[in-house]
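Worksheet: the structure to be examined is printed underneath.
Number of protein chains: 2
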Amino acid sequence: MKYEQLKLENQVCFRLYTAARLTMGAYHPYLDPLGLTYPQYLVMLVLWEQDKQPVNDIAHKLLLETNTVTPLLQRMEKTGLIKRTQGKEDSRQRIVTLTKKGIEMREQAKHIPECLSAEIIKNEGSAEEIMQMIPTLDKLIQGLKQQLNK
Amino acid sequence: MKYEQLKLENQVCFRLYTAARLTMGAYHPYLDPLGLTYPQYLVMLVLWEQDKQPVNDIAHKLLLETNTVTPLLQRMEKTGLIKRTQGKEDSRQRIVTLTKKGIEMREQAKHIPECLSAEIIKNEGSAEEIMQMIPTLDKLIQGLKQQLNK
DNA sequence: TAATTTTGCATCGTGAACGATATAAATCGA
DNA sequence: TCGATTTATATCGTTCACGATGCAAAATTA
Numbered sequence: 006m007k008y009e010q011l012k013l014e015n016q017v018c019f020r021l022y023t024a025a026r027l028t029m030g031a032y033h034p035y036l037d038p039l040g041l042t043y044p045q046y047l048v049m050l051v052l053w054e055q056d057k058q059p060v061n062d063i064a065h066k067l068l069l070e071t072n073t074v075t076p077l078l079q080r081m082e083k084t085g086l087i088k089r090t091q092g093k094e095d096s097r098q099r100i101v102t103l104t105k106k107g108i109e110m111r112e113q114a115k116h117i118p119e120c121l122s123a124e125i126i127k128n129e130g131s132a133e134e135i136m137q138m139i140p141t142l143d144k145l146i147q148g149l150k151q152q153l154n155k
Numbered sequence: 006m007k008y009e010q011l012k013l014e015n016q017v018c019f020r021l022y023t024a025a026r027l028t029m030g031a032y033h034p035y036l037d038p039l040g041l042t043y044p045q046y047l048v049m050l051v052l053w054e055q056d057k058q059p060v061n062d063i064a065h066k067l068l069l070e071t072n073t074v075t076p077l078l079q080r081m082e083k084t085g086l087i088k089r090t091q092g093k094e095d096s097r098q099r100i101v102t103l104t105k106k107g108i109e110m111r112e113q114a115k116h117i118p119e120c121l122s123a124e125i126i127k128n129e130g131s132a133e134e135i136m137q138m139i140p141t142l143d144k145l146i147q148g149l150k151q152q153l154n155k
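Chains as they are written, first to last, in the numbering used here: chain Y, 6 to 155; chain A, 6 to 155.
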């Protein structure tokens, strides 16, 4: 019993880590044709909801550091999905704007969420069971986020 | 409503991805003193359960590719936690063995799981609620794993 | 047994993640 | 108003994660 808690099978974090990796993998067939990685797709979701945001707002919504988001945006600028312009009131800010290509991609991406749901449901049944995790995950995230600011 | 499903707040995968990242972050204060990263800690868990395993078995248990695990093990060999030796029956295999330092670290790591639990519970209450996700996560992982082999 | 295929691991290239650090602009305080 | 601090990004170095590829040993098959 001494080391029981060190067993892999008792680790929640390992499951989160694995579930996240594999789920991201399941997006591959849908994102590859669009030339997007999963984190880039998340940035697109943020920008489709609201265009013209500073780097910091995007990072904040994704709970990522700006030093993760900056190079990500640089790559996305290179592939022509976004533009990055100097902020007007605050010239330290870089405002991220969708290009025509970026805006149009929304239509192509429209069905990705339902495709993913369908695939997951097909493979292990209950969508409801998965949806039931959402409030718990949100609480977990909320708690860990506060821990960060200490 | 046309693009409702593309909203970030409706994404389960984003929550898994974030929860996994933040939880891994919560391990930092405990793993840093041991000189371990979280994936390296996972390898240690596997080896503490059973020493002397080929690379492939470790990768399989962690659901990682060998091309992820190999460099990870190379770094761990450099820090003196493990040794990698040629397999005897099958000389293609590399057998991973804990060093004295690696074995002794188990005692220092013994309390990490309960520390993490305590921290998470302190921050957002219910441990039970989190434990309830385990069967669902396992089903999700199982389903996605099978999808991989197609 | 010789040729073919499979398997186990390694290497390489690309894209995250993130700590540490840098830099310029904005804000604050004396 | 001027120096100090904070803020918004960017850069750098290290470690994953993984697709593609390479290579030698084993297993399979002709």
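For each residue, glycine too, the CB sits at the ideal point set by N, CA and C.
None of the values given here were measured: they were computed from a predicted structure.
Check, Outcome
"Taking C-beta to C-beta, are Y:V48 and Y:L77 nearer than 8 Å?", "yes"
"Which residues does DSSP list as the beta-bridge partners of A:P59?", "A:I100"
"My guess is that Y:L121 and Y:Y22 are in contact by the Cβ rule of under 8 Å, so how many angstroms apart are they, rounded?", "The pair is not a contact, with the Cβ atoms about 19 Å apart (cut-off 8 Å)."
"Which residues in chain A have a C-beta closer than 7 Å to the C-beta of Y:R89? List them in chain order.", "Those do not exist, as Y:R89 stays about 21 Å from chain A at its closest Cβ, beyond 7 Å."
"Please name the residue or residues paired with A:R89 in a DSSP beta bridge.", "A:V101"
"Would you mind sorting Y:Q79 into buried or exposed? The rule is 16 or more other CB atoms within 10 Å of its CB.", "exposed"
"Quick one: is A:M29 buried, meaning 16 or more other Cβ sit within 10 Å of its Cβ, or exposed?", "buried"
"Quick one: which unbroken beta strand (DSSP E) runs of 3-plus residues sit fully inside the segment 99-145 of chain A? Chain order, please.", "99-103"
"Flag this pair as yes or no: are the beta carbons of A:K57 and A:T102 separated by less than 8 Å?", "yes"
"Return the Cβ separation of Y:Q45 and Y:M81 in integer angstroms, given the expectation that the two are a contact with Cβ distance under 8 Å.", "6 Å"
"So, using beta-carbon positions, are A:K150 and A:L68 closer together than 8 Å?", "yes"
"Verify the CB distance criterion: does A:A114 have a CB-CB separation below 8 Å to chain Y?", "yes"
"Considering just the uninterrupted stretch of the alpha helix (DSSP H) at A:N72, what are its terminal residues?", "71-83"
"Using 8 Å for Cβ pairs, my map puts A:L11 next to Y:K115. What's the rounded Cβ distance?", "7 Å"
"Taking Cβ-Cβ distances shorter than 8 Å, what residues in chain Y pair up with A:P2?", "Since the displayed chain A opens at 6 and closes at 155, residue 2 of chain A lies outside it and no answer follows."
"Would Y:I63 pass as a contact of A:T141 if the rule is Cβ separation under 8 Å?", "no"
"Quick one: which chain A residues come within Cβ less than 7 Å of Y:T23?", "L68, I146"
"Nearest to A:K144 by alpha carbon, out of Y:N15, Y:R20, Y:I87, Y:E9?", "Y:R20"
"Find the residues of chain Y that neighbour A:T28, judging by a C-beta separation of less than 8 Å, and give them in chain order.", "V17, C18, L21, Y22, L145, L149"
"From what residue to what residue does the alpha helix (DSSP H) around A:Q45 run?", "43-54"
"Please tell me whether A:N128 has its Cβ less than 8 Å away from any Cβ of chain Y.", "yes"
"Any beta carbon from chain A within less than 8 Å of Y:T102's own beta carbon?", "no"
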